[in-house]
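Undergrad:
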Amino acid sequence: MRLLQRLWRLSGLRQWVPAGSRLRRTLSSVKGQLRTESEAMLRKQICQVVLDHFEKQYSKELGEAWNSVREVLTTPQWWQYAVLLNKFNFSSAVENDLLSKGYRLLFPRTSPSFLQSLKCYITSTPGRFPAQKHRAGKLKEYYLLNAASVLAVLALKVEKGEKVLDMCAAPGGKSIATLQYALPGLLHCNEYDYLRSCWLKQTLESFIPESQMSLVTVSQLDGRQIGNLQLGGFDKVLVDAPCSNDRSWLFSSDSQRATLRLAQRKVLSAVQTQLLRSAIKVLRPGGSLVYSTCTLSKAENSDVITNILDSCSNVQPMDMQALASSASQEFALASGVQQHELLVLPEKGKAWGPMYISKLKKI
Ligand SMILES: C[S@@+](CC[C@H](N)C(=O)[O-])C[C@H]1O[C@@H](n2cnc3c(N)ncnc32)[C@H](O)[C@@H]1O
Numbered sequence: 001m002r003l004l005q006r007l008w009r010l011s012g013l014r015q016w017v018p019a020g021s022r023l024r025r026t027l028s029s030v031k032g033q034l035r036t037e038s039e040a041m042l043r044k045q046i047c048q049v050v051l052d053h054f055e056k057q058y059s060k061e062l063g064e065a066w067n068s069v070r071e072v073l074t075t076p077q078w079w080q081y082a083v084l085l086n087k088f089n090f091s092s093a094v095e096n097d098l099l100s101k102g103y104r105l106l107f108p109r110t111s112p113s114f115l116q117s118l119k120c121y122i123t124s125t126p127g128r129f130p131a132q133k134h135r136a137g138k139l140k141e142y143y144l145l146n147a148a149s150v151l152a153v154l155a156l157k158v159e160k161g162e163k164v165l166d167m168c169a170a171p172g173g174k175s176i177a178t179l180q181y182a183l184p185g186l187l188h189c190n191e192y193d194y195l196r197s198c199w200l201k202q203t204l205e206s207f208i209p210e211s212q213m214s215l216v217t218v219s220q221l222d223g224r225q226i227g228n229l230q231l232g233g234f235d236k237v238l239v240d241a242p243c244s245n246d247r248s249w250l251f252s253s254d255s256q257r258a259t260l261r262l263a264q265r266k267v268l269s270a271v272q273t274q275l276l277r278s279a280i281k282v283l284r285p286g287g288s289l290v291y292s293t294c295t296l297s298k299a300e301n302s303d304v305i306t307n308i309l310d311s312c313s314n315v316q317p318m319d320m321q322a323l324a325s326s327a328s329q330e331f332a333l334a335s336g337v338q339q340h341e342l343l344v345l346p347e348k349g350k351a352w353g354p355m356y357i358s359k360l361k362k363i
């Protein structure tokens, strides 16, 4: 961090030093050295065990595409963050600031996915708009997120008045985006982990005004059990499942823990399948669910969905092609996936994802 600060200070100094002078050359060379050092520092933080594991698996599963995805995932300086405006505390000052900094709407007016209510701003330049701190009693004006998260919410297509379950909701990004998209009759947000459920409650309080809070309920249950508790009630369910989380696993600081997690990766597919079975139980016939993960792993994505389709006769896959075609301009989508799935691959300048999304309907 200190190296980065020094780099920043040096780049400011440069304008006062005459071009071509010895001092300018020395500054440039020091700057170059510092940049290499700081890049090496960032590289050092990558967990080699995880990278090796991914290298083996994803080069097989994604082929050529893995090389560019790996470059983005291992280069945090290229990462991008989208800004989702809060319609419940809309700030035209923030919107103007975003526009002046080169941000644009994720789905402009001309896009078939354009929505008046959901304003998500993106830019092709890496970096992060400053986050807003939580202040009790004060609504935030925006939420920073990976733009691919919005696709899961668009796929869910919540309609006004519907009963919606967000089964694995913390920290709450997709719950917030769902409420920006449409006002459901009920949004039930569930999170199993105690600390994360506190985080979820704080997010909800920071974005939803008192007047709309009656639409939102929160529970701290094992999503796998929900199906046995409330049969048949929901119109829509989002299963944003616990998964390998490729981006953060690559930067695990404890390689022993990372090795253990990699060894237990198979357990995740079983949990994901159980969560989906539970989601199918709580859906009313005709209702639909969206399954999403932030991993590239086929075992946690297509294989889980195929397993569900093969073993549950009361669900059918839903076509995602319309969403894929409107998303294809801003997102790099994997080719060769089936019609009921989308896989967002991070690419330089479109560093969104990884995100797998699939949609099923209960019949
Ligand atoms: C990918 S994160 C969800 C992110 C969230 N949807 C968002 O957009 O902010 C998955 C969440 O599932 C939670 N989780 C893990 N096992 C669960 C279970 N059995 N039931 C419900 N939630 C679970 C994890 O604690 C984690 O917070």
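The sequence shown begins at 1 in full-length UniProt numbering and counts up by one.
C-beta: ideal position from N, C-alpha, C; glycine also.
Comparing alpha-carbon positions, which option in Tyr-121, Tyr-142, Gly-349 and Pro-242 lies nearest Pro-108?
TA: Nearest of Tyr-121, Tyr-142, Gly-349 and Pro-242 to Pro-108, Cα basis: Tyr-121.
Undergrad: Taking the C-alpha atoms as reference points, what is the distance between Gln-225 and Leu-84?
TA: Distance between the alpha carbons of Gln-225 and Leu-84: 32 Å.
Undergrad: Starting from the C-beta of Lys-140, find all residues in its chain whose C-beta is less than 8 Å away, skip the five residues before and the five after it, and write them out in chain order.
TA: Around Lys-140: Asn-86, Asn-89, Gln-132, His-134, Ser-206 and Phe-207.
Undergrad: Would you kindly check if the distance between the Cβ of Val-237 and the Cβ of Met-167 is under 8 Å?
TA: Yes, they are a contact pair.
Undergrad: Kindly indicate which residue of Gly-349, Lys-361, Ala-182 and Glu-162 has the alpha-carbon position closest to the one of Thr-75.
TA: Here the closest residue by C-alpha is Gly-349.
Undergrad: On the DSSP bridge list, what partners appear for Ile-122?
TA: According to DSSP, which records beta bridges pairwise, Ile-122 is partnered with Arg-104.
Undergrad: Considering only heavy atoms of ligand 3, does any lie closer than 7 Å to the CB of Glu-205?
TA: Because ligand 3 does not appear in the structure shown, any question about it cannot be addressed here, the ligands present being ligand 1.
Undergrad: Only counting the same chain, and skipping five residues up and downstream in sequence, which positions put a Cβ closer than 6 Å to that of Ser-292?
TA: Once the five neighbours on either side are set aside, the close Cβ partners of Ser-292 are Ala-152, Asp-240 and Ile-357.
Undergrad: Please state if the CB of Gln-329 and the CB of Val-282 are separated by a distance shorter than 8 Å.
TA: Not closer than 8 Å, so no.
Undergrad: Do you know offhand how far Gly-137's Cα is from Trp-199's?
TA: So the alpha carbons of these two residues sit roughly 16 Å apart.
Undergrad: Over what stretch of residues does the beta strand (DSSP E) that includes Asp-166 continue unbroken?
TA: Per DSSP, Asp-166 belongs to the beta strand (DSSP E) from 163-166.
Undergrad: Entirely within the stretch 171-239 and at least 3 residues each: give me those beta strand (DSSP E) ranges in chain order.
TA: Qualifying beta strand (DSSP E) stretches, in chain order: 186-190 and 216-219.
Undergrad: For a minimum of 4 consecutive residues, which ranges assigned as the alpha helix (DSSP H) are wholly contained in the stretch 308-340?
TA: DSSP runs (the alpha helix (DSSP H)) wholly in the stretch 308-340: 321-327.
Undergrad: Considering only residues of the same chain and omitting the five flanking positions on each side of Cys-243, which have a CB-CB separation below 8 Å?
TA: For Cys-243, where only same-chain residues beyond five positions count, the Cβ hits under 8 Å are Leu-268, Gln-272, Thr-293, Cys-294, Thr-295, Ser-297 and Glu-300.
Undergrad: Is Arg-24 helix, strand or coil by DSSP?
TA: Note that Arg-24 scores 49 on pLDDT, short of 50, meaning its location in the model is unreliable and no value can be drawn from it.
Undergrad: Could you give the DSSP three-state label for Glu-159: helix, strand or coil?
TA: It is coil, neither helix nor strand.
Undergrad: Would you mind working out which of Leu-106, Thr-125 and Ser-124 sits nearest Gln-116, comparing C-alpha positions?
TA: Ranking Leu-106, Thr-125 and Ser-124 by Cα distance to Gln-116 puts Leu-106 first.
Undergrad: Please find out if some non-hydrogen atom of ligand 1 comes closer than 7 Å to the beta-carbon of Met-355.
TA: Outside the cutoff, so no.
Undergrad: So Lys-127 and Leu-145 are supposed to be a Cβ contact under 8 Å. How far apart are they, rounded?
TA: Looking at the sequence provided, one finds Gly at residue 127 rather than Lys. Gly-127 to Leu-145, Cβ: 14 Å. No contact.
Undergrad: Please report the straight-line C-alpha distance between Ser-149 and Ala-82, rounded to a whole angstrom.
TA: The alpha-carbon atoms of Ser-149 and Ala-82 are separated by roughly 10 Å.
Undergrad: Kindly examine ligand 1 and report whether one of its heavy atoms sits closer than 7 Å to the Cβ of Asn-301.
TA: The answer is no for Asn-301.
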